[in-house]
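Protein chains in written order, with this note's numbering: chain A, 223 to 764; chain B, 866 to 1226.
We put the beta carbon where it would ideally sit given N, CA and C, even for glycine.
What follows is a set of notes on a single structure, which appears directly below.
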């Protein structure tokens, strides 16, 4: 506060620069890359990537909006048997990464799977030519899987928006002659629209980030393309060029989200909260129960029961030393990332609070763009500067000491931690910022006038008050790191597997049953933040 | 004698908005000074500049004769090194610390003498039993006391109070300002308090500094400001007044409720006459002389200490009746429609230049 520029804001700027570095290097690489790779990409695959990605986004967008907003309205404005359970149960699919759901449904629905097997037994069919069955490993399959796992984003935001809407507004609609349906479409839904748009944008960012599902289903999206061009065509420049086009999509989503968040201001706080609920009876109640049950059933219960049964059957095979080694890797990387990004999030958040200068405020905005950038893009952007650093370091050390140091940063756990932290910084920073926002500035003033300097104020006032938010940050970053696949696939050290990559590898080799235990461990970790969320959702409202 | 706090040519902007314009002010040791003005007049910024919570943009701030901040020389002592106590409008009690931990927050070492002092004061406030509870469970008045003790515990050379009673209801506010005033005077702390309540400032302060739009409008004792306000703005801070804007003729101003001395205003000048309600006294028939003016009562309200009467002038030549307020001590409730005679006390009549601004109601 006394000096405009100090250690706190300097550190905040450095952290922001580190997050921005991968993006800049992607742009740099894309521009410097040779034109012929690009020309080749344009003439061959680019059109397909764009078309597939757009169709995927369209399908997922519509699906999550309908399911998310629909279930949100049912659980916030209607009363029917089981509604109190659905309130939190609808969040459960959030715990299961899309790629694991993809493996499971492939396992059940493929030709050799139990569903088609039972149908053949029942009807006496012999071969695939005897009957028609939808192909799960397709664009439509990918859409279905992602809708099932991503609709909770919309559900969460739409629900809190519906709950915020004042009863008087809805009552006014009724008095003015709207029936309950008309009231929903003409009053409640338009008021919740900004929240729904934010939820859909978040879901679509996750869609663009997804690697496991599209890779497994062989759906040619950008993410799959980046991986293919980099590892199979061995062209980093080409990968960077694809990544740049992908970033344009991301930019559109960010813009949509920002605009919608700005629009949220018309959500009114004042007035009587909703006490008035629609009592659903008979067929309507049955329909409501089904509408809420199906997403939970297909997004969580069914996949979980499959995982459990595989894990039980293949318990001995899966629980070998490999499992423990991969689990150890996952735990190590995830804990490191959780700590690093929480500490950096705290530095950024507190730095911005202290200086209040435009520069540090921008720094924290820049540092949070990682959440929108697909992991594959970040991986491309991180690989390049780290390899160059290692190369220069080796030239230097060989010349001076005749000692080649080998890979120091690239191809090590450092690269993984860097990639994860850049992507998840927004989560920890967001948690820290919402915690700091609850501490009135006069708290800082009080501590300072009572003789505590900046660091002491942080230690004696902010840290104790932020404890819950820091734990939340650590937890959600940890869990997202456990699930992380695209960055890990591209940046992991040689022969270094996490639970996620090992499950993916096994699934690709059609040995998914044996990796079920690993998948189960990932989901088990993922349940933790969902419990946390469901407690705030049910505790805070009423 | 060295002043406890000195502002020298302080100017301050938030973005393009001037919040303080060339303020200079000295506060003597042991003095209790109130900064009085409407919200947005810059008084809180001035307070925060003394604490070092706001970065000084222009001018010099001295504490006890030494420079605490000097914008021209880029000196700005950190708030924790200024030995200043501050009490915040929202009290800013640390919710994770007990009452005692809050109060002792600013004490470097466990100084037994200060701890005993704190315990004494807790007893004086009647909140000794609360020492190990958390602020969230306290009432507004209790929080206010804890915040005050916390600010005073490190024995600051200057105590800053930012609207300390604004979060309390009216009855509690009056009780608390007596207690607070007594404790601060006993502690002998130099105090600068921000308030927008004229009555509160009159009650607490040795000296009142009236601020308006970033400038100091008038400085004086309560009595001085009340009886000799320099401007319509200052007069309006101490209660609502009847206001009539007219032109000076023959060294007098003629208003609908009487003709008054122009108090030295130039002939032909547009002026506004301020008459406090307590200066307009309704008279009983025995008290009233024949020549006392008459008006019609529109409503009357008993307010405990005094009665407040709304009146309307009776059909003057222009035809339009003018309403005004009068006051009489005790219970006096004439019925609407009755005609009463009244007397205007010239002590409560102020004449200001008409600056064209509408009085805010």
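- According to the DSSP assignment, residue 1190 of chain B belongs to the beta strand (DSSP E) that extends over 1188 to 1194.
- Between the region 688 to 697 of chain A and the region 578 to 597 of chain A there are fewer than three inter-stretch CB-CB distances shorter than 8 Å, so the stretches are not counted as touching.
- Distance from the Cα of residue 509 of chain A is smallest, within the candidate group A:301, A:260, A:734, for A:301.
- DSSP lists B:1081 as the bridge partner or partners of residue 1076 of chain B.
- C-alpha of residue 1214 of chain B to C-alpha of residue 1030 of chain B: approximately 31 Å in a straight line.
- Its chain contains 960, 963 as the residues whose beta carbon lies nearer than 7 Å to that of residue 999 of chain B, once the 5 sequence neighbours on both sides are disregarded; these appear in chain order.
- Counting every other CB atom within 10 Å of its CB across the protein chains shown gives residue 353 of chain A a total below 16, marking it as exposed.
- Between residue 673 of chain A and chain B, the shortest Cβ-Cβ separation is below 7 Å.
- Note on geometry: alpha-carbon atoms of residue 299 of chain A and residue 654 of chain A lie some 32 Å from one another.
- Taken in chain order, the whole beta strand (DSSP E) runs of length 3 or more contained in the region 1005 to 1070 of chain B are 1023 to 1027, 1055 to 1060.
- Of all residues in the region 937 to 948 of chain B, only 941, 943, 944, 945 come within less than 7 Å of chain A when Cβ atoms are compared, listed by chain position.
- When 7 Å is used as the limit between beta carbons, residue 582 of chain A is near no residue of chain B, the shortest such separation being about 15 Å.
- In this structure, A:379 is the residue among A:272, A:379, A:696, A:243 with its C-alpha nearest to the C-alpha of residue 312 of chain A.
- Burial check for residue 563 of chain A: the Cβ neighbour count within 10 Å reaches 16 or more, so the residue is buried.
- Taking all protein chains shown into account, residue 525 of chain A has 16 or more neighbouring C-beta atoms within 10 Å of its C-beta and is therefore buried.
- Residue 1216 of chain B sits close to residue 1136 of chain B, with the two beta carbons spaced by under 7 Å.
- Closest option to residue 714 of chain A, judged by alpha-carbon separation, among A:601, A:438, A:323, A:550: A:601.
- Interface flag for residue 1190 of chain B against chain A is unset, since no Cβ pair is found closer than 7 Å.
- With fewer than three CB-CB distances shorter than 8 Å, the region 729 to 737 of chain A does not count as touching the region 879 to 890 of chain B.
- Taking every protein chain shown into account, the CB of residue 295 of chain A has 16 or more other CB atoms within 10 angstroms, so this residue is buried.
- The distance from the Cβ of residue 438 of chain A to that of residue 324 of chain A is about 5 Å, consistent with a contact at the 8 Å cut-off.
- DSSP places residue 1088 of chain B inside the alpha helix (DSSP H), whose first and last residues are 1087 to 1092.
- Residue 1107 of chain B: member of the beta strand (DSSP E) spanning 1107 to 1112, first to last residue.
- If you look at residue 607 of chain A, you'll find it in the alpha helix (DSSP H) that goes 597 to 623.
- Nearest to residue 937 of chain B by C-alpha distance, out of B:876, B:1040, B:1056, is B:876.
- Of all residues in the region 677 to 709 of chain A, the ones placed with a Cβ closer than 9 Å to any Cβ belonging to chain B are 678, 679, 682, 683, 686, 687, 689, in chain order.
- Under the Cβ distance rule, residue 670 of chain A counts among the residues neighbouring chain B, one pair being separated by less than 7 Å.
- Residue pairing of residue 1120 of chain B in beta bridges, as defined by DSSP: B:1123.
- Note on residue 505 of chain A: under 16 other CB atoms within 10 angstroms of its CB, so exposed under the neighbour-count rule.
- For the region 227 to 289 of chain A, the continuous alpha helix (DSSP H) assignments of 4+ residues that do not extend past its boundaries occur at 229 to 254, 257 to 263, in sequence order.
- Judged by DSSP secondary structure, residue 709 of chain A falls within the alpha helix (DSSP H) whose first and last residues are 708 to 713.
- With the rule of 3 Cβ pairs closer than 8 Å, the region 416 to 436 of chain A counts as touching the region 367 to 376 of chain A.
- Inter-residue distance for residue 550 of chain A and residue 720 of chain A is about 8 Å (C-alpha atoms, whole angstroms).
- Among the residues facing chain B, residue 664 of chain A is included, as its CB has a counterpart in that chain under 7 Å away.
- For the C-beta of residue 951 of chain B, the chain A residues within less than 8 Å are, from N- to C-terminus, 667, 668, 671.
- Residue range 870 to 879 is occupied by the beta strand (DSSP E) that includes residue 871 of chain B.
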